[in-house]
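S.K.: I have a structure I would like to understand better, so I am pasting it below and will then ask my questions one at a time.
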Amino acid sequence: MNTRQLGPIVGATLLHHDIEYVVSSYQTNLGYTIVDENTVSREMALLWNTPELFGNKLVVLSAANGEAWLRVVEDPKAKAATPLKSYGWMALETNVKCVDTINNKLCDESFTVIGEPAYLQVSDAIKAMQVVGPAGEVSYLTQINKDVPPFELPMTNHETAGLFIPVLCTPNREKSLAFYQQLNAADNGLSFDTKVTVLNKAWGHDIDHQYPVATLQLDGKCLFEIDQVDNAAPLTTNIDSLPSGIAMISCHVKNIEQVAKKFNATMYKLEDSYYKGRSAILLKGPFGELIELMG
Numbered sequence: 066m067n068t069r070q071l072g073p074i075v076g077a078t079l080l081h082h083d084i085e086y087v088v089s090s091y092q093t094n095l096g097y098t099i100v101d102e103n104t105v106s107r108e109m110a111l112l113w114n115t116p117e118l119f120g121n122k123l124v125v126l127s128a129a130n131g132e133a134w135l136r137v138v139e140d141p142k143a144k145a146a147t148p149l150k151s152y153g154w155m156a157l158e159t160n161v162k163c164v165d166t167i168n169n170k171l172c173d174e175s176f177t178v179i180g181e182p183a184y185l186q187v188s189d190a191i192k193a194m195q196v197v198g199p200a201g202e203v204s205y206l207t208q209i210n211k212d213v214p215p216f217e218l219p220m221t222n223h224e225t226a227g228l229f230i231p232v233l234c235t236p237n238r239e240k241s242l243a244f245y246q247q248l249n250a251a252d253n254g255l256s257f258d259t260k261v262t263v264l265n266k267a268w269g270h271d272i273d274h275q276y277p278v279a280t281l282q283l284d285g286k287c288l289f290e291i292d293q294v295d296n297a298a299p300l301t302t303n304i305d306s307l308p309s310g311i312a313m314i315s316c317h318v319k320n321i322e323q324v325a326k327k328f329n330a331t332m333y334k335l336e337d338s339y340y341k342g343r344s345a346i347l348l349k350g351p352f353g354e355l356i357e358l359m360g
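First residue of the sequence shown? That's 66 in this note's numbering, and the numbers climb one at a time after it.
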């Protein structure tokens, strides 16, 4: 019997000083649509412990398949994110029907290609490209053509679809994996060494340089990927606000009351288009990254 507590991934939140720039970039380049335009509520500010963000602009965006997974929050004082060079949530891997089509549609400098479309080393069933987006977030845009055991991965017939692998950058793979395994309370993760081309390019390593990596299978054909990178900077934080770039990952959890009690976390019930009446808690990972759990 499957006893995984985590999954599927609900989405990710980006923090940037110019929300209109981020939103229009996703609309123009990836065809995302606005689902909700609002402000950060008092409950959200309390949940996130971010008094600076109360009343700030907030937009929820949907991919072509209808998944409203991307939330953008504005903080005019936010520092610039440092793609691939700091700890915390480093990248967002999302499903696309045809990665070459996406590559041909990118039309302005708000999405910078750092990895051209190519089949992955781990499988010729997966073709992906990598870009740095308008909030300094790294995105892996991934086309999956068939099942790739032992991983449980989604496929889509829509031009763009949801987030299925958040990628964490950490100084210690084992410590980070242990934290998320404890939350998931099920399958052990897979640990292995592999090359990560975008990291090798960013850090000036030989193209075949290997990184300690781990994956943890979640419900809903989702994974966490954990990449150990030595000498990265601490995640970019903002006073009384969220981290810059990929500020947090949101994930469904089966027994939120139990997790809240275990971590002494305060639960809030929120009614907007992103939470949909679910309860939520916010936890901090071993190296400062934020994970929001909903149930």
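Glycine included, C-beta positions come from ideal geometry on N, C-alpha and C.
From the DSSP output, in three-state form, read off P277 for me.
M.R.: It is a strand residue.
S.K.: What are the residues that DSSP puts in a beta bridge with M332?
M.R.: In DSSP, M332 forms no bridge with anything.
S.K.: Output needed for I346: all residues of its chain with C-beta closer than 6 Å, excluding positions within five of it in sequence on either side, in chain order.
M.R.: Counting only Cβ-Cβ distances below 6 Å, and skipping sequence neighbours, we find A325, A330, M332 and L358.
S.K.: Could you check where the beta strand (DSSP E) with A156 kicks off and where it finishes?
M.R.: First-last of the beta strand (DSSP E) with A156: G153 to V161.
S.K.: Report buried or exposed for F352, applying the criterion of at least 16 other Cβ atoms within 10 angstroms of its Cβ.
M.R.: It counts as buried.
S.K.: When you compare each of Q282, D284, E290 and G285 to Y276 by their alpha carbons, which one comes out closest?
M.R.: The candidate whose alpha carbon is nearest that of Y276 is E290.
S.K.: How many whole angstroms separate the CB atoms of F216 and E158, which I take to be in contact at a CB cut-off of 8 Å?
M.R.: Not really, about 12 Å apart at Cβ, beyond 8 Å.
S.K.: I'd like the list of long-range same chain contacts for Q246, defined as Cβ closer than 7 Å, with 5 residues on each side in sequence excluded.
M.R.: Only N253, G254 and L281 meet the Cβ criterion.
S.K.: Please state the DSSP three-state secondary structure of T166.
M.R.: DSSP places T166 in helix when its eight states are reduced to three.
S.K.: Of the choices C234, Q293, V196 and L206, whose alpha-carbon is the least far from that of E224?
M.R.: Checking every option, the nearest Cα to that of E224 belongs to L206.
S.K.: Which of the three DSSP states is assigned to S89 in this structure?
M.R.: Helix, per DSSP.
S.K.: State buried or exposed for G131, treating a residue as buried only when at least 16 other CB atoms are found within 10 Å of its CB.
M.R.: Label assigned to G131: exposed.
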